[in-house]
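Each residue of the sequence shown is one higher than the one before, counting from 1 in full-length UniProt numbering.
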Amino acid sequence: MSMLTRRHLLRRAALSATAVTPAGAALGAVTTAAGATALAGCQPGEDAEPTEPAASSAARLQFPVNFGWGAATSAYQIEGAAKEDGRGESVWDTFSHTPGRIRNGDTGDVAADHYHRYAEDLDLMRDLGLRSYRFSISWPRIQPDGTGAANQRGIDFYRRLVDGLHERGISPMATLFHWDLPQTLQDAGGWESRDVAYRFADYAATVFEALGDRVPVWLTINEPKTVVQNGYLFGHHAPGRQDPDAAYLVAHHLQLAHGLAVQALRAEGGTGRIGPAFNLHPCYPADDSPAAAEATRLYDGYENRLYLDSALKGSYPEDVLADLGPTSRMVRGIRDGDLEIISSPVDVLAVQYYTPIYVTANGGTVRRWPTSEASWQQIYPDGMYDILTRVTRDYGPIPLTVTENGLPTPDVLAADGTVEDTGRVTFLRDHLAAAHRAVTDGVPLESFHVWSLLDNFEWAEGYDQRWGLIYIDYPTQRRVLKRSAHWYRQVIADNAV
Numbered sequence: 001m002s003m004l005t006r007r008h009l010l011r012r013a014a015l016s017a018t019a020v021t022p023a024g025a026a027l028g029a030v031t032t033a034a035g036a037t038a039l040a041g042c043q044p045g046e047d048a049e050p051t052e053p054a055a056s057s058a059a060r061l062q063f064p065v066n067f068g069w070g071a072a073t074s075a076y077q078i079e080g081a082a083k084e085d086g087r088g089e090s091v092w093d094t095f096s097h098t099p100g101r102i103r104n105g106d107t108g109d110v111a112a113d114h115y116h117r118y119a120e121d122l123d124l125m126r127d128l129g130l131r132s133y134r135f136s137i138s139w140p141r142i143q144p145d146g147t148g149a150a151n152q153r154g155i156d157f158y159r160r161l162v163d164g165l166h167e168r169g170i171s172p173m174a175t176l177f178h179w180d181l182p183q184t185l186q187d188a189g190g191w192e193s194r195d196v197a198y199r200f201a202d203y204a205a206t207v208f209e210a211l212g213d214r215v216p217v218w219l220t221i222n223e224p225k226t227v228v229q230n231g232y233l234f235g236h237h238a239p240g241r242q243d244p245d246a247a248y249l250v251a252h253h254l255q256l257a258h259g260l261a262v263q264a265l266r267a268e269g270g271t272g273r274i275g276p277a278f279n280l281h282p283c284y285p286a287d288d289s290p291a292a293a294e295a296t297r298l299y300d301g302y303e304n305r306l307y308l309d310s311a312l313k314g315s316y317p318e319d320v321l322a323d324l325g326p327t328s329r330m331v332r333g334i335r336d337g338d339l340e341i342i343s344s345p346v347d348v349l350a351v352q353y354y355t356p357i358y359v360t361a362n363g364g365t366v367r368r369w370p371t372s373e374a375s376w377q378q379i380y381p382d383g384m385y386d387i388l389t390r391v392t393r394d395y396g397p398i399p400l401t402v403t404e405n406g407l408p409t410p411d412v413l414a415a416d417g418t419v420e421d422t423g424r425v426t427f428l429r430d431h432l433a434a435a436h437r438a439v440t441d442g443v444p445l446e447s448f449h450v451w452s453l454l455d456n457f458e459w460a461e462g463y464d465q466r467w468g469l470i471y472i473d474y475p476t477q478r479r480v481l482k483r484s485a486h487w488y489r490q491v492i493a494d495n496a497v
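If you want it as structure tokens, here you go:
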């Protein structure tokens, strides 16, 4: 791998959809120049209820009948109960307890205490009118050491959760892996070890057998790119490595694990639908030069096509493989039959959109739009349209679901018990309008999940950033619906934005 490639990979790591600024870093300057034309192939409760300005019926954007309005969470970010009922340690337990890794020394030990308060949270979901709830299953809660017999207490928790969703008329959407790898498997090599992909398939089969057809939609690996970039390139996330050569071997093994899990569901005879969850970034040239277009094409290869092509076309992008070089651990780690496993047919593709990327002629990046409190996130709703239509154009009419979209805002619990997150309302309204435009133009989008249902442990940012529709007062664990939650409830009721 050339030094130039190594530098470019490290730049990409800083722009992962869940990337974070190291504790204490200042927010970068925002460039507000108009965006460049997209490159072809890289296109784009008890609280008083606030009232929203009434919109005329002619101005409303009506979504398809039975559209799946939802919200999303992940296990380590909300569950807490880190050492209860037989749960083992994950890489995030280790990482968050390592001094200097997480802002303010925060951990997910308690988080939003969802493990104990899930029934209350289910009632809040029902009161919001959610039709779908996307959550993740904690691997170390099911298999404390990453292998072997299931921990029955862990299985029972997710059975209660799934049953509670059905009782409230909410469709479960379960993610098998949202980054909480059992620490024992990390000690044995983690995702650098090919064997871990097979251990994941065993774990997936255990979960399929336990929950069966009670879960209609399964997602395999959440954002493999973020594990690669933030976990192995930039080191912001567990396991905190900075090793580009290891990173893309990890990418291959994560993709292999996805394919093996798909095969495990088919072997189990389950009727549930299954697919991966990819965070996709529309990539645009920063200027009109041929060099910027060429650099953008390669950047898109690392950001999007590496994952999309292997899962949906059965091949890795040739330009990415050439850029990595024949001696890279990833290229040497691809075995006969791997791509056939990785491209095992799926039923749905989960798309997570947060930010665009603008690429310069030398492979660097620039900002074109204002950012949220997360300095890596440029607010560009048209990117939602571009990435959804690009997926349909390039990969065919596979059913799509948006499983994450949202932003952090400076939420404060007022004396009157309200939280005025008007910035989140504007953000969601604009992104839903872009999604509606994509549906109108033929994108088979089935559902949309706001990130996140609850304020939570936001990885390296700890509890400093609030992404939820529901405010968590962490000292008391009181739940408070924000203005955005009341607004979203009306969107769901009207099936329109």
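Quick reminder that beta carbons are idealized off the backbone N, C-alpha and C, glycines included.
From a predicted model like this one, the values you see are computed outputs, not experimental measurements.
Taking C-beta to C-beta, are residue i and residue j nearer than 9 Å?
i	j	result
Q352	A277	yes
G383	H258	no
V250	G231	yes
Q152	V91	no
A174	I137	yes
G70	F448	yes
G80	A112	yes
L219	R134	yes
A72	T296	no
A204	L233	no
R483	R424	yes
A485	L469	yes
I102	A460	yes
A496	L124	no
V480	V419	yes
A415	A361	no
G164	L122	yes
S310	S289	no
A157	D109	With the sequence shown as reference, residue 157 is identified as Phe, and Ala is not the correct amino acid for it. No.
Y474	Y463	yes
T206	A150	yes
G333	R194	yes
S74	N222	yes
Excluding the 5 residues flanking residue i on each side, which residues of the same chain have their C-beta closer than 7 Å to its C-beta?
i	result
G270	F208, G212, D213
P224	A251, L254, Q255, Y307
V162	P172, L211, R214, V215
Q186	V91, P239
L388	V351, L400, A435, A438, V443, L445
Going by the DSSP bridge assignment, what does residue i pair with across the sheet?
i	result
G68	S447
A350	A277, T401
F177	I221
L481	I470
Q143	In the DSSP output, where bridge partners are listed per residue, Q143 has none listed.
A496	Q62
L454	I470
Q378	T371
Can you tell me whether residue i is helix, strand or coil according to DSSP?
i	result
C280	Before going on, a small fix: residue 280 reads as Leu here, not Cys. Here L280 sits in coil by DSSP.
V419	coil
P285	strand
S310	helix
T426	helix
Q186	helix
Q255	helix
T371	strand
Q465	coil
P345	coil
A17	Its pLDDT being 39, under 50, A17 is placed unreliably in this model, and the coordinates cannot settle the point.
V250	helix
Take residue i and list the residues in its own chain whose beta-carbon comes closer than 8 Å to its own, dropping the five residues that flank it on each side.
i	result
D357	Inspection of the sequence shows that residue 357 is occupied by Ile rather than by Asp. Cβ within range, chain order: L15, H281, P282, C283, Y284, Y299, E303, T365.
W467	G406, L407, P408, W451, S452, D455, N456, E458
H166	P172, R214
residue 543	Past the edges of the chain, shown from 1 to 497, lies residue 543, and the structure says nothing about it.
G301	P317, D319, V320, D323
A433	L61, P381, V497
Would you give the residue range spanned by the alpha helix (DSSP H) that residue i belongs to?
i	result
S132	Per DSSP, S132 belongs to no alpha helix (DSSP H); it is in the beta strand (DSSP E), 132-136.
P290	290-300
F95	91-96
V207	194-211
T392	382-395
V227	Taken as a continuous stretch (DSSP letters only), V227 belongs to no alpha helix (DSSP H), as it is neither H nor E.
E120	114-128
E318	318-324
V412	Note, V412: premise wrong, no alpha helix (DSSP H); not H, not E.
Starting from residue i, follow the beta strand (DSSP E) in both directions and report where the run begins and ends.
i	result
D163	Not the beta strand (DSSP E): D163 falls in the alpha helix (DSSP H), residues 152-167.
I357	357-359
Can you tell me whether residue i sits near the ligand MG, meaning its C-beta is under 8 Å from at least one heavy atom of the ligand?
i	result
R214	Of the ligands one can find in the structure shown there are none, so the ligand MG has no counterpart to examine.
Kindly list the residues whose CB is nearer than 6 Å to the CB of residue i, restricted to its own chain and excluding five residues on each side of it in sequence; keep chain order.
i	result
A25	Note that A25 has pLDDT 31, beneath the 50 cutoff, so the model's placement of it is unreliable and no number is given.
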